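Residue numbers (the numbering used here): 297 to 883.
Notes follow once the structure below has been shown.
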RNA sequence: CUGCCCGUAGCUCAACUGGAUAGAGCACCAGCCUUCUAAGCUGGGGGUUACAGGUUCGAUUCCUGUCGGGCAGGCCA
C-alpha cells in the first residue's frame, strides 16, 4: 500500500465514523504551496452540499475522527474547508527503499489490469522519407505505448502500411519516369508526382540492376493521356486545372500499367519495399519499434474490404447514388454521407479504413488508440459512425491527434511541403540535433498543441537545453558514486532516518510522485507530463547537490545521502527510458 | 460560410481534468567554482489566464457570445 492510499484509508474511516453509510471518494492532492501541507483533501467541501452542512465544521469533525497515525504530524483546516495533512519526515524514507527494491520496475502500476491495448501510430504512406511531422507522431506514439505498458496494459504497437491505392501508383510512376529520364527519354515530369531526389535514386538502382529492360517507345507513353494543364493555373488554385492535372497523372499511371504490363508490379513492389525498409530503419535508429506492420493491401487481397462493405449493405447502411455507393454516416452523427465505393467500382480509402478498424476489433483489443495527424480530425466521426453501424462499440476507439511540428532555425520558420520535396526529413533532424534531443523535444509539448521546434536550442549543449539538464543530473549522480567507489549493494539497507533537510524531503516527495505521474500520463495519454516531471526532479537534484556535500566524513550520513541520490538516479533513468532518451553516465 | 482545436509573463510552455496566493525555462538584472562535473546553483523584477457574460463555496479549466490564429469540409490519401 502506498503512502497516499494509507492516508486515503484513514480519511475514509473518519468519514465513515461520523457519517455512517455515507459513500465518500477520497481525493488527495499535492498542494502547490508548502504552507498547505503535504497532502490536501477536499472531501469536506464535496460532502457539504448534499448534506447541507458547513464545510469547515464538517472538516473539523473529520479531523477529530481521524484515526491516530504515526506518520501524520498535523492535520489542519484551511480555506473553504480543505483538510491539510502535514507528515513527519520519517513518512518519506520508505520510498527510497521501495525504489532500491524495485529498480527498473519502480513506477509500474496496475491501472490497465492487464487489458490489451493497441496503439497504432506513424502509419505514414511509404511514398518517401519520413519527415519531421511523422517524427512527432513516432516519438509520441512510442512514449505513449511505453507509458501504457508501465501502467499495466498489454500493448501492441502497430504501423498501418498504406501499400494499396493511388499514392503508391504515383510513386511507381514517378520512379519509372525518372528511369526513362536517365536514359534520355524526357517525358515532362508531372508537377503532382513525387519530386524528391530519393525517386531518382531508386530509378538509378533499377537501371543499374536491370539495364534498359523497362524502356518503352517514348511516342507511346503519352498516347491517350489527357493533356497537362498550364502549371500556373494549377498553382493558382484553379479547380478545373487541378482536376485536369490529376487526370493527366492518372492517364500516365494507366499508360505505365499498360506498357509495362507485368513489369509494373515489379516497379510497384520495388518502390514499396525500398521505402518501407528505409522507414523501418529510420524508426529503429530513432528507438521506435513495432510489433506489427499491417498491410492495407492484405485487406483487399483477403476480401476483407469487400466483405465489410457487403455487411454494411446487408444491414441497410448503404445506398446508391450517381453510380457510387454511399455510407449513411449522417445516421450516426457525421456531417455528410460518405462514399465507400466509387462509380468506377474502386473502393475508397475510407472503405479499407473501415475494414482495418473492424479487423482491430476482431483481434479483440480492449482498447484501440489511433495516433493521427491533426489534419485528419474530420475523419473521426465517419470511422466511428461506420463502427457503430457494424454493431461495434465505437467507444473502444480513441483517436489521439498530434498537431504539426514547425521547425525554427535562426529564429526563422523552416518551410516545408511534401510533394515539392522541400521537406526536412526525420533523418536530417536526427543527425542535426541527435536522437535524444529529438525524442525529448517532440514529447515536451502536449500532443494536441502546436509544437515550435527550435533547432538551435535542441542542438545547443548549454543550460538552455532541458534534455541535457536532465541527463546531467543522472551523470552527476554516477560521477559522485564513481568518486565514492564503494559497494552499491549496501545502499538499499542503510539507515535513512538522517535524511531530514528540506532538500532531502523535497527530493523524496518528488520520487514518491513518480507512480502517480505515470498513472496520470497513462489516463490522459500524455507522456509530456513525464518530461516535465523529470525536469523538476533534475532541478531538485541539482539544488541538493549545490546545497549539500554528499561525500561527507560522517559515514552514516554519507551512506544515507548516497542511497537517496542512487534512488533518484534510478527514477531518472526509468523516466528517460520511457521517453526513449538515453541516461548517460558521463557528460 | 460550417465544424473541430487553440488563445496563459516579452518568448516557448505547464498547471494533478473544478481547488487555495496561476507555475517553470529562456531572455533581463545581481551574486556563487582552491570543493562530489558551473551542461550547475541562489536571489530579483515581470499576469485583468484574448474579451464580455453565465453556472457555484471556488473557473485557466465547464456553458453562451465576440475577437484573433490553426486545421478540416473530395467518387484524394
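No residue lacks a Cβ here, since even glycine has one placed at the ideal position from N, Cα and C.
What you are looking at is a predicted structure, and each value in this text was computed from that prediction instead of being measured.
Under the three-state DSSP convention, the category residue 450 falls into: The sequence position of residue 450 within the first chain is 154, counting from 1. In this structure, residue 450 counts as strand in the three-state DSSP scheme.
Alpha-carbon spacing of residue 803 relative to residue 849, whole angstroms: Within the first chain, numbered from 1, the residue matching residue 803 stands at position 507. Within the first chain, numbered from 1, the residue matching residue 849 stands at position 553. Their Cα atoms are separated by approximately 22 Å.
Rounded separation between residue 607 and residue 452 - CA only: Here the question's residue 607 lines up with position 311 in the first chain. Here the question's residue 452 lines up with position 156 in the first chain. If I take the Cα positions, the gap works out to 27 Å.
Cβ neighbour criterion (16 or more within 10 Å) applied to residue 727: For the purposes of this step, residue 727 is taken as residue 431 along the first chain, with counting starting at 1. Flag for residue 727 reads exposed.
Three-way DSSP call (helix, strand, coil) for residue 573 in this model: Looking up residue 573 in the first chain gives position 277. Helix at residue 573.
Uninterrupted alpha helix (DSSP H) stretches inside the stretch 361-410 (no shorter than 4 residues): 390-398
Beta-carbon proximity list for residue 357, same chain, < 6 Å, skipping 5 on both sides: For this step, residue 357 is matched to residue 61 along the first chain. Closer than 6 Å at the Cβ level, and outside the excluded window around residue 357, lie 314.
Residue range of the unbroken alpha helix (DSSP H) whose run includes residue 470: Translated into positions along the first chain, residue 470 becomes position 174. Unbroken alpha helix (DSSP H) run through residue 470: 462-478.
Within 8 Å, strictly: CB atoms of residue 824 and residue 739: Translated into the one-based positions of the first chain, residue 824 becomes position 528. Translated into the one-based positions of the first chain, residue 739 becomes position 443. Closer than 8 Å, so yes.
At least three beta-carbon pairs within less than 8 Å, the stretch 815-834 to the stretch 779-798: no
Three-state class that DSSP yields for residue 557 in the structure shown: Sequence index remark: in the first chain, residue 557 carries index 261 (1-based). The answer is coil: DSSP assigns residue 557 none of H, G, I, E or B.
Buried/exposed call for residue 875, threshold 16 Cβ in 10 Å: By 1-based counting over the first chain, the position of residue 875 is 579. Looking at its Cβ environment, which holds 16 or more other Cβ atoms inside 10 Å, residue 875 is buried.
Start-to-end residues for the beta strand (DSSP E) that takes in residue 701: Sequence index remark: in the first chain, residue 701 carries index 405 (1-based). Residues 701-705.
Cα-Cα separation between residue 744 and residue 444, rounded to whole angstroms: Counting from one through the first chain, the residue named residue 744 turns up at place 448. Counting from one through the first chain, the residue named residue 444 turns up at place 148. The alpha-carbon atoms of residue 744 and residue 444 are separated by roughly 18 Å.
First through last residue of the alpha helix (DSSP H) which encompasses residue 313: In the first chain, counting from the first residue as 1, residue 313 sits at position 17. Start and end: 299-314.
Rounded C-alpha distance that separates residue 720 from residue 379: In the first chain, the residue the question calls residue 720 occupies position 424. In the first chain, the residue the question calls residue 379 occupies position 83. If I take the Cα positions, the gap works out to 53 Å.
Whole-angstrom distance between residue 537 and residue 528, CA atom to CA atom: The count along the first chain starts at 1 and reaches residue 528 at position 232. The count along the first chain starts at 1 and reaches residue 537 at position 241. Cα to Cα, residue 528 sits roughly 9 Å from residue 537.
Proximity below 8 Å, CB of residue 459 to CB of residue 383: Within the first chain, numbered from 1, the residue matching residue 459 stands at position 163. Within the first chain, numbered from 1, the residue matching residue 383 stands at position 87. No, the Cβ-Cβ distance between residue 459 and residue 383 is not below 8 Å.
Range covered by the alpha helix (DSSP H) that runs through residue 775: Taking the first chain and counting its residues from 1, the one referred to as residue 775 is at position 479. First-last of the alpha helix (DSSP H) with residue 775: 762-780.
Residue 867: first and last residue of the uninterrupted alpha helix (DSSP H) it sits in: Counted from its first residue, the first chain places residue 867 at position 571. Its alpha helix (DSSP H) spans residues 851-875.
Reference residue 587; option with closest CA among 413, 309, 742: Counting from one through the first chain, the residue named residue 587 turns up at place 291. Measuring from the Cα of residue 587, the nearest candidate turns out to be 413.
Reduced DSSP category for residue 493 - H, G, I as helix; E, B as strand; rest coil: As a first step, residue 493 is located in the first chain; it is residue number 197 there, counting from the start. Correct three-state label for residue 493: helix.
CB contact flag (residue 433, residue 669, <8 Å): Translated into positions along the first chain, residue 433 becomes position 137. Translated into positions along the first chain, residue 669 becomes position 373. Contact: yes.
Buried versus exposed call for residue 370 [16 or more other C-beta atoms within 10 Å across all chains shown]: Along the first chain, one-based indexing puts residue 370 at 74. Its Cβ having fewer than 16 others within 10 Å, residue 370 is exposed.
Same chain, Cβ closer than 8 Å to residue 389, neighbours up to 5 away in sequence not counted: Walking along the first chain from the start, residue 389 turns up at place 93. Excluding positions up to five away in sequence, the list reads 792, 793, 795, 804.
Option in 482, 650, 471 with minimal Cα separation from residue 571: For the purposes of this step, residue 571 is identified with residue 275 of the first chain, where counting begins at 1. The option with the nearest alpha carbon to residue 571 is 471.
N-terminal and C-terminal residue of the beta strand (DSSP E) that residue 835 is part of: In the first chain, the residue the question calls residue 835 occupies position 539. Element bounds for residue 835: not the beta strand (DSSP E) but the alpha helix (DSSP H), 824-843.
7 Å CB neighbourhood of residue 737 in its chain, flanking five on each side removed: In the first chain, counting from the first residue as 1, residue 737 sits at position 441. 749, 754.
Sequence-distant residues of its chain with Cβ nearer than 6 Å to residue 861 (five each side left out): For the purposes of this step, residue 861 is identified with residue 565 of the first chain, where counting begins at 1. The answer, listed in chain order, is 773.
The beta strand (DSSP E) enclosing residue 591, as first and last residue numbers: Residue 591 sits at position 295 when you count from the first residue of the first chain. Run containing residue 591: 588-591, per the beta strand (DSSP E) assignment.
Nearest-angstrom Cα separation, counted from residue 594 out to residue 623: Here residue 623 is taken as the residue at index 327 of the first chain, counted from 1. Here residue 594 is taken as the residue at index 298 of the first chain, counted from 1. Between residue 623 and residue 594, the C-alpha separation is close to 23 Å.
Selection from 386, 430, 381 that minimises the alpha carbon distance to residue 734: Your numbering for residue 734 matches position 438 in the first chain. Taking only the C-alpha atoms, the option nearest residue 734 is 430.
Element boundaries [beta strand (DSSP E), containing residue 336]: What you label residue 336 is simply residue 40 of the first chain in a count that begins at 1. Looking at the DSSP string, the run of the beta strand (DSSP E) that includes residue 336 is 335-337.
Buried versus exposed call for residue 306 [16 or more other C-beta atoms within 10 Å across all chains shown]: Position 10 of the first chain, counting from 1, holds the residue named residue 306. By the neighbour-count rule (16 or more Cβ atoms within 10 Å), residue 306 is buried.
For residue 620, the three-state DSSP class (helix, strand or coil): Residue numbering aside, residue 620 sits at position 324 when the first chain is read from its first letter. Three-state result, residue 620: strand.
Beta-carbon proximity check, residue 479 vs residue 508, cutoff 8 Å: The sequence position of residue 479 within the first chain is 183, counting from 1. The sequence position of residue 508 within the first chain is 212, counting from 1. Result yes, Cβ atoms of residue 479 and residue 508 sit closer than 8 Å.
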